[in-house]
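Down below is the structure, laid out as structure tokens.
Right under this line is the structure:
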């Protein structure tokens, strides 16, 4: 009996973690965050490796032809692992995707320079995709199991992105629940008759 129960528990934990394997959180609508088993040890950077954790948001502002913008991501309850890479952030477009490069990064934040293709412009309706595989070399390290938040903001200049304020921000999703942890199983005791 206990062997069956332990296998069931292992399957429950696996199912809860696997639920985040292809999850995508919409930062504009605050859709349901990805859940992982609270029983899982997250003290190391590789504990949740292999889970594709992504988020999307409307780019947020339309700019002139050949005008670049700066997108800033801020984490709560987590930090970026190692060196943040350009491919963590992308913006689609009607013809060619925008060019993206890391402009500045620090503990818990990164700023991306987003440049349209020559002769094109960035449009507010374009979709920004954020790919933060948890536990990978360039993913996230969870520092607080009470939950991880992600905030997306858009700015006209790098100076504004590095010194954000309400008056220089083109778009701000606020802190959106990105990853949560919940118990995968519980214990119930029934008195013997």
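Numbering (the working numbering), first residue to last: 8 to 200.
By construction, the Cβ of each residue, glycine as well, lies at the ideal position given by its N, Cα and C atoms.
Look at residue 69 here: in three-state DSSP terms it is coil, with no helix or strand label.
Bounds of the beta strand (DSSP E) holding residue 136 are 134-138. The residue among 83, 136, 43 and 120 with its C-alpha nearest the C-alpha of residue 99 is 136. Comparing alpha-carbon positions, the option among 96, 140 and 189 lying closest to residue 134 turns out to be 96. In the DSSP assignment, residue 42 is bridged to 187.
Nearest to residue 92 by C-alpha distance, out of 168, 147 and 171, is 147.
Around the CB of residue 62, 16 or more other CB atoms lie within 10 Å, so the residue is classed as buried. DSSP places residue 151 in the coil class of the three-state scheme, outside both helix and strand. When the alpha-carbon of residue 40 is set against those of 104, 79, 156 and 111, the nearest one is in 156.
The alpha-carbon of residue 145 is positioned some 20 Å away from that of residue 184. In this structure residue 180 is buried. Its beta-carbon is surrounded by 16 or more other beta-carbon atoms within 10 angstroms. CA-to-CA, the gap between residue 175 and residue 67 works out to about 14 Å. For residue 86, the enclosing beta strand (DSSP E) covers residues 85-87. Boundaries of the beta strand (DSSP E) harbouring residue 122: 116-122, taken from the DSSP string.
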